[in-house]
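Numbering (our numbering), first residue to last: 19 to 391.
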C-alpha cells in the first residue's frame, strides 16, 4: 500500500475513534446522572460500559499510531501487527465489562432495591439506544472499509451496548406497568451475551496473530495473476505472511520451460512482483523456480503414470514441479499432503510405489503443505 494511503487509513481510524470517545463520554455522563437519580443499577452499569467503550477508542488510537511507525532495523516488516494486539486488548476490556456486569446484576437479584423511573429517564435511555446503534454501525462499516479489526471490535461492542440500553428501557417499562423489577435478571442475560461476544472476538484476534489461512478468493486471484504472465505454466506453494492490515507478503514457486535463460527468468519474476502488487496489494518477496521438461516426449507418459498413483491416495492433494533428468536418471517433484496424522507415512508409501514403477531412477521429492487454496 502506498505511503499516502497508509497515512489516510490511520487518519480515518483516529478520526473515527475520537468521535467514539466524545459520544461515549457524553452518554456515560448522562446515564450516570440518570442512574443515580433513579436508583437503577442497570443504567449505572450501562454508563460504566460507555466509559469502557471510550477507553477502547483510546486504545485503538494508540495502537494505530504505533502500528504506523516506519520499519526499522529491529522490525524490518513494520509494526502493523500492533493493531491486532489493540483488538485483543479491546476484547479483554469487553470481557471485563461483561464479568463486572454479571457480578453486579447478581448482587441486585440477591439484594433488590426499588427504582424510580421518570419520563426524562426513559427518553435519555431511548436516545442512547439509537445513538449507540448508529455509532456501532458507523464503526463496523468504517472498519470493514479500511480493514481495521480494532474498529470492527469497537463497533461490535457498541452494538451490544445498544442492546443493553434497549433491555434497560424494556425493564423500566415493565416496572412502571406492573411493578415487577426484572432489570437485574435482564442484566444477567446481557452480561452472558457480552462475555460470549468478548470471547469470540478474542479468539478471532488470537487466531489472526497466530496466522490464518488466507482467503481462498485472494490466493486464487494471485495465482491467476501469476499464471497470466507469458511463460508461466503454473504457480504453486503460495505462502502468505501477514504483518498487519494491508501488509501482506508472499512467496511462490512457478513452473517455466527448461529452455529459458536467466535473463528471461529475471524478467518474468519482476513482472510477477509488479503485477501482483498492483492488482492485489501483496508483495511477492520470493519466487522459486520449477523447470518443465520440453526436450523429451517420454515425459508425458511418465507424468501420467505417477499421477495415476497419486490419484489413488485420498490425502495426496497435488503433485507439481515435476521434472525428469534423463541423463542423470533423476526424477524431481513435490507432493502436497493434507493435514492428517499419518502424513509422513503416506508420503513415504507413495514414494515407494513410484520407486517400484521406476526402479532405475533416483527420486528427489519434497513433502509440501497446503498453505493456501
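Glycine included, each C-beta is placed from N, C-alpha and C at the ideal position.
For residue i versus residue j, is the C-beta distance shorter than 9 Å?
i           : j           : result
residue 269 : residue 304 : yes
residue 61  : residue 196 : no
residue 81  : residue 56  : no
residue 98  : residue 306 : no
residue 229 : residue 260 : yes
residue 335 : residue 388 : yes
residue 249 : residue 278 : yes
residue 288 : residue 95  : no
residue 160 : residue 34  : yes
residue 383 : residue 352 : yes
residue 169 : residue 78  : yes
residue 126 : residue 201 : yes
residue 328 : residue 286 : no
residue 205 : residue 131 : no
residue 340 : residue 355 : no
residue 27  : residue 172 : no
residue 378 : residue 347 : yes
residue 276 : residue 313 : yes
Kindly indicate which three-state DSSP category residue i falls into: helix, strand or coil?
i           : result
residue 114 : helix
residue 273 : strand
residue 348 : strand
residue 340 : strand
residue 255 : strand
residue 232 : coil
residue 286 : helix
residue 64  : helix
residue 355 : strand
residue 281 : helix
residue 88  : coil
residue 266 : strand
residue 108 : helix
residue 332 : coil
residue 391 : coil
Counting along the chain, where does the alpha helix (DSSP H) carrying residue i start and finish?
i           : result
residue 323 : 316 to 329
residue 157 : 137 to 164
residue 183 : 167 to 196
residue 370 : 361 to 375
residue 203 : 201 to 228
Along the chain, where does the beta strand (DSSP E) containing residue i start, and where does it finish?
i           : result
residue 387 : 380 to 387
residue 310 : 300 to 310
Just tell me which of the options has its CA closest to the CA of residue i.
i           : options               : result
residue 157 : 111, 235, 31 and 76   : 31
residue 257 : 278, 64 and 233       : 233
residue 385 : 277, 377 and 350      : 350
residue 219 : 203, 106, 285 and 342 : 106
residue 134 : 322, 302 and 53       : 53
residue 183 : 282, 64 and 274       : 64
residue 345 : 332, 367, 311 and 373 : 311
residue 41  : 83, 91 and 148        : 148
residue 244 : 271, 222, 231 and 264 : 271
residue 164 : 29, 290 and 74        : 29
residue 144 : 45, 331 and 321       : 45
residue 274 : 369, 216, 358 and 338 : 338
residue 177 : 208, 194 and 193      : 208
residue 181 : 203, 358, 146 and 162 : 146
residue 359 : 372, 333 and 342      : 333
residue 283 : 331, 293 and 308      : 308
residue 137 : 321, 124 and 194      : 194
Q) Using 8 Å as the Cβ pair cut-off and three pairs as the minimum, do the region 292 to 299 and the region 228 to 246 touch? A) Enough Cβ pairs lie closer than 8 Å, so yes.
Q: Would you check if the region 140 to 152 and the region 202 to 222 touch, i.e. whether three or more CB-CB distances between them fall below 8 Å?
A: Not touching, per the Cβ criterion.
Q. Does the region 65 to 77 come within contact of the region 111 to 123, defined as at least 3 CB pairs closer than 8 Å?
A. Flag = yes, the region 65 to 77 and the region 111 to 123 touch.
Q) At a cut of 8 Å, does the region 82 to 91 reach the region 173 to 192 through at least three beta carbon pairs? A) Counting Cβ pairs under 8 Å, fewer than three are found: no touch.
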